[in-house]
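Chemist:
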Amino acid sequence: MQTRPSLPVPSDAAGFYASRRGEQVTSLLMSRLLPLLPDPNGLRVLGLGYAAPVLSQWRALSQAQWVASARLDTPLTRRQGIPSAAGHDWPGCVVAADALPFDDLSVDLVVLMHGLELVDPHPLLRMVWKLLSDHGRLVLVVPNRTGLAAKDDTLPFGHGSPFSTGQLDRVLQRALFRAEACSTALSAPPGLLSLGEQAGFMGDRLFSLLGRRLGGVHLVTACKDLYSGMPVEAERASLNFARRVTTLAGSAKT
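552 is the number of the first residue of the sequence shown in my numbering; add one for each residue after it.
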């Protein structure tokens, strides 16, 4: 009986996305992610985690005010990939999840991929909240705990701790983010890519109809929830003891 050769497990994200299979996965991601991305004209855009593959296929990104790429300091995302054929020369750096070297309110759009599942998500999201402008947006690409992509360690999304739909919603809410739009990608079995890119696109489109809970990765656009920690109306202080009114000695004689 002839057995099918197993796919190699990538040493890191840079090695995977430099392969033909990595290019196919990037194309599938962008086909689903593009409708969620805002118009980048005049925006300050930061790719965080390991987002360079999807940013390199976003053609409209040339209209942005500036673009930078910050790779998280993890074994999967630390190494820089080979420059794309498009010749993007964005500045890049390696950063710690709890100490992003950017000024507060200095970024209009953060695209975070291969990030939340690899580190403690709470310090990372708090750092992102600080550097985003008040009207900024956060675009997340996160592996789904109940999807097939998180169970395949030949994909970068098969590493780290994936999130269920409810877990991701709660993490965003705790970090004072409000989800505005949600979608899924890589919903079809990853093996369909071996049949060709067209089969992968058709399969991903069909399997995405099963809903967000069964998607391979979560695609979420979120904004800063500036008013979530503010009370709706002023609270009135209540005193449970009687007040004693006294008069000054001089005023008692008049």
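Virtual Cβ for every residue (Gly too), placed ideally from N, Cα, C.
Given the structure is predicted, the values throughout are model-derived calculations rather than measurements.
#1: Grab the span of the beta strand (DSSP E) containing H665 for me, first residue to last.
#2: Do you know how far the Cα of V596 is from the Cα of V662?
#3: Please report how far the alpha carbon of L770 lies from the alpha carbon of Y778, in whole angstroms.
#4: For A647, I'd like the list of residues in its chain whose CB is within less than 6 Å of its CB, leaving aside the five on either flank, ordered along the chain.
#5: Which ranges does the beta strand (DSSP E) cover as unbroken runs of at least 3 residues, wholly within the segment 636 to 660, from first to last along the chain?
#6: What does G598 pair with, by DSSP beta-bridge criteria?
#7: Out of A701, S712, G698, T772, point me to the one whose CA is closest to Q724's CA.
#8: Quick one: grab the DSSP three-state call for R610.
#9: What does DSSP give as the partner residues of V768 in its beta bridges?
#10: Between G632 and A565, which are expected to be in contact by the criterion C-beta below 8 Å, what is the C-beta distance as a whole number of angstroms?
#11: Nearest-angstrom Cα distance between E668 and H710?
#12: Count the other CB atoms within 10 Å of the CB of H665; is the residue buried (16 or more) or exposed (fewer)?
#13: Taking DSSP's pairing of strands, which residues face K775 in a bridge?
#14: Which residues bound the alpha helix (DSSP H) around T577?
#15: Taking the DSSP output, what are the residues bridged to F708?
#16: Could you check the C-alpha separation between V692 and L682 for me, to the nearest Å?
#17: Comparing C-alpha positions only, which one of C774, S715, Q616, P707 sits nearest to A726?
#18: Quick one: give me the first and last residue of the alpha helix (DSSP H) that G566 is part of.
#19: Name the residue from Q616, L594, G573, G593 whose alpha carbon lies nearest to the alpha carbon of Q808.
#20: Go to K516, then tell me how far its alpha helix (DSSP H) extends in each direction, as first and last residue.
#21: In angstroms with no decimal places, state the Cα-to-Cα distance between M552 and R571.
#22: Helix, strand or coil for V688 per DSSP?
#23: Given a cut-off of 9 Å on the beta-carbon distance, is the pair L737 and G698 in contact?
#24: Whose C-alpha, out of V768, A615, P674, R583, is nearest the C-alpha of L706?
#25: According to the Cβ coordinates, are P694 and P713 closer than 9 Å?
#26: Mark S512 as exposed unless 16 or more other C-beta atoms lie within 10 angstroms of its C-beta, in which case mark it buried.
Modeler: According to the structure shown:
#1: Counting along the chain, H665 falls outside any beta strand (DSSP E), and DSSP gives it neither H nor E.
#2: 8 Å
#3: 24 Å
#4: D624
#5: 643 to 646
#6: S620, V662
#7: T772
#8: helix
#9: P694, A736
#10: 4 Å
#11: 8 Å
#12: buried
#13: F728
#14: 571 to 584
#15: Paired residue(s): none; F708 is not in a bridge.
#16: 19 Å
#17: C774
#18: 564 to 568
#19: The shown model of the chain, from 552 to 805, leaves out residue 808, and the question about it has no answer.
#20: Outside the modelled stretch of the chain, which goes from 552 to 805, sits residue 516, for which no answer is possible.
#21: Low local confidence applies: a pLDDT of 39 at M552 is under 50, so the model's placement there is unreliable, and no value is given.
#22: This sequence places Arg at residue 688; Val is not what is there. Correct three-state label for R688: strand.
#23: yes
#24: V768
#25: yes
#26: The requested residue 512 does not occur in the structure, where the chain is confined to residues 552 to 805.
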